[in-house]
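The sequence shown maps to residues 1 to 679 in the UniProt record's numbering. Glycine included, every Cβ here is placed at the ideal spot set by N, Cα and C. Take a look at the structure below.
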Amino acid sequence: MLNRPNDQAFGDPAVSEPARDIAAAPVDMANALRALAMDAVERAKSGHPGMPMGMADAATALFTRFMKVDPSRPNWADRDRFILSAGHGSMLLYAIHHLIGYADMGIDEIKRFRQLGAVTAGHPEYGHTFGVETTTGPLGQGLTTAVGMALAERMMNARFGDDLVDHHTYVIAGDGCLMEGISHEAIDLAGHLKLGKLIVLWDDNGISIDGRTTLSTSTDQLARFRASGWDVVSVDGHACDAVVDAIDEARRSDRPSLIACRTTIGFGAPTKAGTEGAHGAPLGAAEIEGARARLGWSHPPFEIPESVRTAWRAVATRGRAAREDWEKRLAASGRRAEFDARIEGELPADFDEKLSAYKRELSQARPNVASRKASEMALGIINAATDLTLGGSADLTHSNLTLTKGLGSVAPGDYAGRYVHYGIREHAMSAVMNGLALHGGFIPYGGTFLVFSDYARGGIRLSALMGQRVVYVFTHDSIGLGEDGPTHQPVEHLAMLRATPNLHVFRPADAVETLEAWQLALHAEGTPSVLALSRQNLPTFRTEHREENLTGYGAYVARKPKRRRDVTLLATGSEVEIAFKAADMLALRDVDAAVVSMPCWELFETQSADYRRQVLGTAPRVAVEAAARLGWDRWIGERGRFVGMNGFGASAPASDLYEHFGITPRGVVEAVCDILTCA
Numbered sequence: 001m002l003n004r005p006n007d008q009a010f011g012d013p014a015v016s017e018p019a020r021d022i023a024a025a026p027v028d029m030a031n032a033l034r035a036l037a038m039d040a041v042e043r044a045k046s047g048h049p050g051m052p053m054g055m056a057d058a059a060t061a062l063f064t065r066f067m068k069v070d071p072s073r074p075n076w077a078d079r080d081r082f083i084l085s086a087g088h089g090s091m092l093l094y095a096i097h098h099l100i101g102y103a104d105m106g107i108d109e110i111k112r113f114r115q116l117g118a119v120t121a122g123h124p125e126y127g128h129t130f131g132v133e134t135t136t137g138p139l140g141q142g143l144t145t146a147v148g149m150a151l152a153e154r155m156m157n158a159r160f161g162d163d164l165v166d167h168h169t170y171v172i173a174g175d176g177c178l179m180e181g182i183s184h185e186a187i188d189l190a191g192h193l194k195l196g197k198l199i200v201l202w203d204d205n206g207i208s209i210d211g212r213t214t215l216s217t218s219t220d221q222l223a224r225f226r227a228s229g230w231d232v233v234s235v236d237g238h239a240c241d242a243v244v245d246a247i248d249e250a251r252r253s254d255r256p257s258l259i260a261c262r263t264t265i266g267f268g269a270p271t272k273a274g275t276e277g278a279h280g281a282p283l284g285a286a287e288i289e290g291a292r293a294r295l296g297w298s299h300p301p302f303e304i305p306e307s308v309r310t311a312w313r314a315v316a317t318r319g320r321a322a323r324e325d326w327e328k329r330l331a332a333s334g335r336r337a338e339f340d341a342r343i344e345g346e347l348p349a350d351f352d353e354k355l356s357a358y359k360r361e362l363s364q365a366r367p368n369v370a371s372r373k374a375s376e377m378a379l380g381i382i383n384a385a386t387d388l389t390l391g392g393s394a395d396l397t398h399s400n401l402t403l404t405k406g407l408g409s410v411a412p413g414d415y416a417g418r419y420v421h422y423g424i425r426e427h428a429m430s431a432v433m434n435g436l437a438l439h440g441g442f443i444p445y446g447g448t449f450l451v452f453s454d455y456a457r458g459g460i461r462l463s464a465l466m467g468q469r470v471v472y473v474f475t476h477d478s479i480g481l482g483e484d485g486p487t488h489q490p491v492e493h494l495a496m497l498r499a500t501p502n503l504h505v506f507r508p509a510d511a512v513e514t515l516e517a518w519q520l521a522l523h524a525e526g527t528p529s530v531l532a533l534s535r536q537n538l539p540t541f542r543t544e545h546r547e548e549n550l551t552g553y554g555a556y557v558a559r560k561p562k563r564r565r566d567v568t569l570l571a572t573g574s575e576v577e578i579a580f581k582a583a584d585m586l587a588l589r590d591v592d593a594a595v596v597s598m599p600c601w602e603l604f605e606t607q608s609a610d611y612r613r614q615v616l617g618t619a620p621r622v623a624v625e626a627a628a629r630l631g632w633d634r635w636i637g638e639r640g641r642f643v644g645m646n647g648f649g650a651s652a653p654a655s656d657l658y659e660h661f662g663i664t665p666r667g668v669v670e671a672v673c674d675i676l677t678c679a
């Protein structure tokens, strides 16, 4: 363990001597971060100055001595990744970006911190600001996403070697990140997989919003990380040499590393340093004036001496040289086109052709299989057609059916495989997949039961917010899973997922729709997808091959009325078969029904108003889905009826459950006859 050095190169908030001309460049560089943070928060009258002020020294040590980034090429593939998991301290990141010269981070943007339209959002947002590797703010998500990035680096290294892939993933995490439950899953998985290029700097300041962290936790974090297979060291976070030595040591390890940086929140603030008062509110003009005096920072707000700017720009100069050297190696490797296509996630030119040929086979063979099995069959074709897909499951591989022949398991120290055993860690799986997608080189998909989308929700929301091509394979999608009972039977989950912006929720009704859903998910570069799949067998009704992807319309007429449209039956997934049978029964009563399959509401919403009117028709509508009603009224209208769940499920064989809850052809007929006069 590294001890606190005797020298106080980065100052001490307890020192009461007058302001002084600081000669040591690292101190000036760190104080520039502090000044920008407290001034921007003060101007905005909103924000979190404490963490940036406390971690300014450690961040300065990291960036000036180790970080490999080039602001002129923010997306350079072999750059180091820096994740501010404690995203509330966003001004630390923005101040660094301003000083090293990102084109979008001029001083005017610092002054517009937290204002509408500014790139300096309250929490870092991927795609909104150059150099922000992932959206953070929900504590623990950034740390876990970083595990995915570090895993992607090792997997790409296994495919392209050290010359093309050799970078680190650095994280600044706070006490809150380590308290969140997702952190347990993340550090366990990272330690197990021996992700040696993952280095976490913990802002160990002992303060949370309510006060001292001892109010709510007594965990020995160092022991916890050690128990999970990490290298661990504790240092004075305000001592440059100690932080540098710790990072240098961590970079030589074959295990992930935690560097506990003991810091003072709001470092330099005369009365608020070391208290919760520095956490989430502006310091105030008097406190800032006192902090300037204590830190020896005599410059006006938002003014940075040229000597400090020059010192920070050296980070960019070093990074540009590293990037140019890497580009030369890439050009000489003979694999540039392959590498670029991989990073960009480009599907092979013949990908759709292979899927279309398989779809023709399905229409001819007419398999009667569960859609989870149809998904496995589709993945057999997909995984053979492209190396981009990276599978996995939260310890439900043989229930989710997400593993296909030849993928091989990712294992500690062996990253050549294409299948990740996430363990019983749905929270982590979703965030790790985000990291894999953000890094580039893979299209991750991961499986669990639909009911456990509750656990994965945080990562799913960030997948959608960041526009990442992540595929969630959620099987056992209804009461149709049977005897496991209401704890495992999803009821409200489709509604929750459908309520999420920029998320495609597919509930395919047969093997053909399942393949089409996979095809759409893999082409949706800016949108994550959910595949809600059945446990029970579903007959193939798409028996005439069509090149066109009908699932891409979101909804379509699966069976036209013979003479007129008296009623429209709307259904998804396993209930499409029920709608077909109900239509047959209605025909015996001289009621002509159209059957509409609605595998993806979100895609249906994007269709023209004319197309939607054509599909929905003007006749009364009855919807059938073994889930909650919420959301269906939009499609069935005021005259419509819904056949589905109005509470939780029960433990029984699937057929008994459908009968018990009235989700049957007879139940649909009764709903229709409640609207129409049936013979």
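Using only the alpha-carbon positions, how far apart do residue i and residue j sit?
i, j, result
"A582", "V557", "15 Å"
"T264", "V171", "19 Å"
"D633", "A385", "40 Å"
"L569", "A627", "16 Å"
"I288", "A260", "27 Å"
"P501", "V308", "43 Å"
"A14", "E153", "For A14, the pLDDT reaches just 35, beneath the cut-off of 50, and the residue's location in the model is therefore unreliable, although a value from the coordinates is still provided. Looking at the two C-alpha atoms, the distance is approximately 42 Å."
"D325", "A378", "42 Å"
"A242", "H421", "37 Å"
"R43", "F113", "8 Å"
"V491", "I182", "25 Å"
"L616", "S529", "24 Å"
"L657", "T664", "10 Å"
"Q468", "T527", "6 Å"
"G54", "G637", "56 Å"
"E659", "A190", "46 Å"
"D674", "D566", "13 Å"
"A411", "I460", "25 Å"
For residue i, does the count of other Cβ atoms within 10 angstroms reach 16, so buried, or fall short, so exposed?
i, result
"I209", "exposed"
"D12", "Because D12 carries a pLDDT of 36, less than 50, the predicted location of this residue cannot be relied on, and no value is offered for it."
"N205", "buried"
"G87", "buried"
"S216", "exposed"
"T677", "exposed"
"F604", "buried"
"T475", "buried"
"R507", "buried"
"N368", "exposed"
"R639", "exposed"
"I107", "exposed"
"Q221", "buried"
Since residue i is in the alpha helix (DSSP H), which residue starts that stretch and which ends it?
i, result
"T514", "A511 to H523"
"A583", "E575 to A587"
"M645", "Not the alpha helix (DSSP H): M645 falls in the beta strand (DSSP E), residues R641 to M645."
"F82", "F82 -> not in any alpha helix (DSSP H); beta strand (DSSP E) instead, spanning R81 to L84."
"A331", "E306 to S333"
As a quick exercise: from the options, pick the residue whose alpha carbon is nearest that of residue i.
i, options, result
"F66", "E153, H167 and G148", "H167"
"A650", "S478, M156 and P620", "S478"
"L33", "L538, R226, W297 and A190", "W297"
"R212", "T275, T514 and F302", "T275"
"T487", "K68, G334, T389 and G647", "G647"
"L36", "R73, Y94 and Y102", "Y94"
"S72", "L396, M91, A59 and I100", "I100"
"K405", "D395, L390, T169 and Y472", "L390"
"P444", "D387, S218, V672 and F339", "D387"
"N383", "P282, M91, G266 and L515", "L515"
Taking the CB atoms as reference points, tell me whether residue i and residue j lie closer together than 9 Å.
i, j, result
"M105", "T136", "no"
"S399", "R372", "yes"
"T64", "V315", "yes"
"G237", "D57", "yes"
"E125", "M149", "no"
"L494", "L450", "yes"
"I207", "H279", "yes"
"G140", "G117", "no"
Starting from residue i, trace the beta strand (DSSP E) in both directions and tell me its first and last residue.
i, result
"C261", "S257 to R262"
"R621", "R621 to A628"
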